[in-house]
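Quick notes on the structure that follows.
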């Protein structure tokens, strides 16, 4: 039995793209996979500081728009350090929750919703943000309430409790920044 589960784990990894130099396993949850990505160390630290590990390890389903380290680095100097302070836990939680859609939405689902809505589709996030999804030329973009546009750089990283889409910008609620 052990060899069968080991083989199925390898098959799951082959179905998923590599993220941050690491295999992503469809039989592991969002947090279990994210901690292995060298491109998501800032996101993982933020999720830990915000106390969201248990939530994102839960049943879901979740669609997580996962900003890479470079997206956090592009924020104004000192922003990440300030958000990681214990006294800013609530704001950090809100910002992170704006990256979580309470459903499993693969890129094909997103493209279908965008096309059905005439070119853009607005979704509500766990954090109460409204994100505008667009699809053109095989690419999906996400625009937050402040006009920040994030490109989906790696879509459809399947998780046991949802899906991750890697993005190149940090999304924020209208009141945060």
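Residue numbers (the UniProt record's numbering): 1 to 177.
Here a beta-carbon is modelled for each residue, glycine too, at the ideal position from N, C-alpha and C.
None of the values given here were measured: they were computed from a predicted structure.
Excluding its 5 nearest sequence neighbours in each direction, residue 152 has C-beta neighbours in its own chain below 8 angstroms: 65, 107, 139, 140, 141, 142, 165, 166 and 167, listed in chain order.
In the displayed model, residue 66 falls within a strand according to three-state DSSP. Check the Cα spacing between residue 130 and each of 86, 163 and 147: the tightest is with 147. Taking a contact as a CB-CB distance under 8 angstroms, the pair residue 39 and residue 19 counts as one, their CB atoms being some 7 angstroms apart. Proximity of the region 90 to 97 to the region 41 to 50 meets the contact definition, three or more beta-carbon pairs being nearer than 8 angstroms. Counting C-beta pairs with one atom in each stretch, the region 77 to 84 and the region 104 to 121 have fewer than three that are closer than 8 angstroms, which means they do not touch.
Rounded to the nearest whole angstrom, the CA to CA distance from residue 67 to residue 115 is 25 angstroms. Residue environment analysis places residue 137 among the exposed positions, since fewer than 16 neighbouring C-beta atoms fall within 10 angstroms of its C-beta. It is roughly 15 angstroms from the alpha-carbon of residue 29 to the alpha-carbon of residue 102.
In this model, residue 154 and residue 24 are separated by some 12 angstroms (Cα to Cα). Residue 98 is positioned such that its CB atom lies closer than 8 angstroms to that of residue 127.
In its chain, beyond the 5 residues on either side, 110, 111 and 114 have a beta carbon closer than 7 angstroms to the beta carbon of residue 135. Per DSSP, the continuous alpha helix (DSSP H) segment holding residue 15 begins and ends at 2 to 15.
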